[in-house]
Amino acid sequence: MSHLLAPSLLSANFLFLAKEIELINASEASWFHLDVMDGVFVPNISFGFPVIEKVKSMTSKPLDVHLMIIDPDRYLERFVRSGADILSVHYEACVHLHRTVDAIRKLGAKAGVVLNPHTPVHSLENIIAEVDLVLIMSVNPGFGGQKFIDGTYRKIASLKELMLKHNSKALIEVDGGVDITNGRRLIDAGTDVLVAGNSIFSADDPSGMIHQLMSL
Ligand code: DX5
Ligand code: ZN
Numbered sequence: 123m124s125h126l127l128a129p130s131l132l133s134a135n136f137l138f139l140a141k142e143i144e145l146i147n148a149s150e151a152s153w154f155h156l157d158v159m160d161g162v163f164v165p166n167i168s169f170g171f172p173v174i175e176k177v178k179s180m181t182s183k184p185l186d187v188h189l190m191i192i193d194p195d196r197y198l199e200r201f202v203r204s205g206a207d208i209l210s211v212h213y214e215a216c217v218h219l220h221r222t223v224d225a226i227r228k229l230g231a232k233a234g235v236v237l238n239p240h241t242p243v244h245s246l247e248n249i250i251a252e253v254d255l256v257l258i259m260s261v262n263p264g265f266g267g268q269k270f271i272d273g274t275y276r277k278i279a280s281l282k283e284l285m286l287k288h289n290s291k292a293l294i295e296v297d298g299g300v301d302i303t304n305g306r307r308l309i310d311a312g313t314d315v316l317v318a319g320n321s322i323f324s325a326d327d328p329s330g331m332i333h334q335l336m337s338l
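For the sequence shown, the numbering used here gives the first residue as 123, with consecutive numbering after it.
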């Protein structure tokens, strides 16, 4: 499978959100990546249901919703109702992860689990067969435009090994500091979905940058 690209709207210009959405719609990008932050799990607050609903109303591309919130169980149904096609929760934020993953799938969305940079891949040993996507954070979550952590490549390799052992078909997604300098190596290591915020929206030509990231 060739790789997918999910531009992160966190780095978009919210004053002209409709224009930014249209830019992604007209581009080769595969999904929209939407970062929901609660100011508790991460030291930042982003956006929630109303914004996700508006994005949904303007696109037919899948919405990849990355929840950086504590106790996500309380809101799973609303996020799916708001338009999430893929809903990812943090391993570190879920006390009963198996139940949470099951609930997301029962709501009809794809279930993703996110690992912070310090969380080892083997933590997923007993859940990997049940998840549709694993999101490896390549920065500490909370902000766009941070520096990519090099240990990510090793983590992808361990995840591949774990997936092989458990016959998992989950997609591997990498999020944080992704750009044209590291994208090819991430794909070679086994990444299926690249998330990119700053490298796309701060580029002089965002559509051109999407094209470059898709052509890696
Ligand atoms: C960080 C978010 C990312 C962020 C990535 O907590 O999960 O999705 O928007 O932005 P860049 O690509 O700028 O690192
Ligand atoms: Zn994200």
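Beta carbons are placed, not taken as given, at the ideal position from N, Cα and C, and that holds for glycine.
Please state whether the Cβ-Cβ distance between valine 158 and valine 187 is less than 8 Å. Locating residue 158 in the sequence shown gives position 36, where the first residue counts as 1. Locating residue 187 in the sequence shown gives position 65, where the first residue counts as 1. Closer than 8 Å, so yes.
- What are the uninterrupted segments assigned as beta strand (DSSP E) that are 3 or more residues long and contained completely in the region 237 to 323, given in chain order? Taking only runs of at least 3 residues, the beta strand (DSSP E) segments lying wholly in the region 237 to 323 are 255 to 259, 293 to 297 and 315 to 318.
Quick check: what's the CA-CA separation for threonine 303 versus glycine 273? Numbered from its first residue, the sequence shown carries residue 303 at position 181. Numbered from its first residue, the sequence shown carries residue 273 at position 151. Approximately 15 Å, taken between the alpha carbons.
Beta carbon of glycine 170: closer than 7 Å to some heavy atom of the ligand DX5? As a position in the sequence shown, residue 170 is number 48, starting the count at 1. False, no ligand heavy atom lies under 7 Å from that Cβ.
#### Entry: Nearest-angstrom Cβ-Cβ length linking valine 211 and proline 194, presumed shorter than 8 Å
The residue given as residue 211 occupies position 89 in the sequence shown. The residue given as residue 194 occupies position 72 in the sequence shown. Right, their Cβ atoms sit about 5 Å apart.
Checklist entry - What three-state label does DSSP hand isoleucine 167 in the structure shown? => result Position 45 of the sequence shown, counted from the first residue, corresponds to residue 167. In the structure shown, the three-state DSSP call for isoleucine 167 is strand.
If you compare alpha carbons, which of Arg221, Ile226, Glu199 and Leu237 is closest to glutamate 75?
-> This structure does not reach residue 75, given that the chain is present from 123 up to 338, and the question cannot be answered.
| message | Below 7 Å, is the gap between the Cβ of valine 177 and the nearest heavy atom of the ligand ZN? | response | Against the sequence shown, residue 177 aligns to sequence position 55. No; taking the cut-off as 7 Å, the Cβ of valine 177 has no heavy atom of the ligand ZN nearer than that.
message = Is it buried or exposed, phenylalanine 138, if we count other Cβ atoms within 10 angstroms and call 16 or more buried?
response = Within the sequence shown, residue 138 is the residue found at index 16, counting from 1. Looking at its Cβ environment, which holds fewer than 16 other Cβ atoms inside 10 Å, phenylalanine 138 is exposed.
For alanine 233 versus valine 217, is the C-beta distance shorter than 8 Å?
One-based indexing of the sequence shown puts residue 233 at position 111. One-based indexing of the sequence shown puts residue 217 at position 95. Contact annotation: alanine 233 and valine 217 have beta-carbon atoms that are not nearer than 8 Å.
message: Checking the sheet assignment: what are the DSSP bridge partners for lysine 232?
response: The residue labelled residue 232 in the question sits at position 110 within the sequence shown. Partner(s): Ile208.
Is the distance from the Cβ of serine 260 to the Cβ of valine 296 below 8 Å?
-> As a working mapping, residue 260 is identified with position 138 in the sequence shown. As a working mapping, residue 296 is identified with position 174 in the sequence shown. A contact, by the Cβ cut-off of 8 Å.
- prompt: Roughly how many whole angstroms lie between the Cα atoms of isoleucine 146 and valine 177?
  reply: Residue numbering aside, residue 146 sits at position 24 when the sequence shown is read from its first letter. Residue numbering aside, residue 177 sits at position 55 when the sequence shown is read from its first letter. Taking the straight line joining both Cα atoms gives about 11 Å.
Exercise. What three-state label does DSSP hand serine 152 in the structure shown?
Worked result: As a first step, residue 152 must be located in the sequence shown, where it is residue number 30. Reduced to three states, the DSSP call for serine 152 is coil.
Between which two residues does the alpha helix (DSSP H) holding histidine 333 run?
In the sequence shown, counting from the first residue as 1, residue 333 sits at position 211. 328 to 336 is the span of the alpha helix (DSSP H), which, as asked, contains histidine 333.
Q. Among the residues of its own chain, which have a CB less than 7 Å from the CB of leucine 229, if the five just before and after it don't count?
A. By one-based count along the sequence shown, residue 229 stands at place 107. Counting only residues of its own chain and dropping the five nearest sequence neighbours on each side, leucine 229 has a CB closer than 7 Å to the CB of Leu198, Glu199 and Val202.
Do you know how far the Cα of glutamine 334 is from the Cα of asparagine 341?
-> A question about residue 341 goes unanswered here, because the residues of the chain that appear run from 123 up to 338.
Do aspartate 297 and the ligand ZN come close, with the Cβ less than 7 Å from some heavy atom?
Within the sequence shown, residue 297 is the residue found at index 175, counting from 1. Within the chosen limit of 7 Å, the ligand ZN reaches the beta carbon of aspartate 297 through at least one heavy atom.
Worksheet item: What first and last residue would you give for the beta strand (DSSP E) that runs through leucine 189?
Response: Residue 189 sits at position 67 when you count from the first residue of the sequence shown. Looking at the DSSP string, the run of the beta strand (DSSP E) that includes leucine 189 is 185 to 190.
Practice item. Go ahead and pull the three-state DSSP assignment for valine 217. Key: On the sequence shown, position 95 is the one that residue 217 refers to. Annotated three-state conformation of valine 217 is coil, per DSSP.
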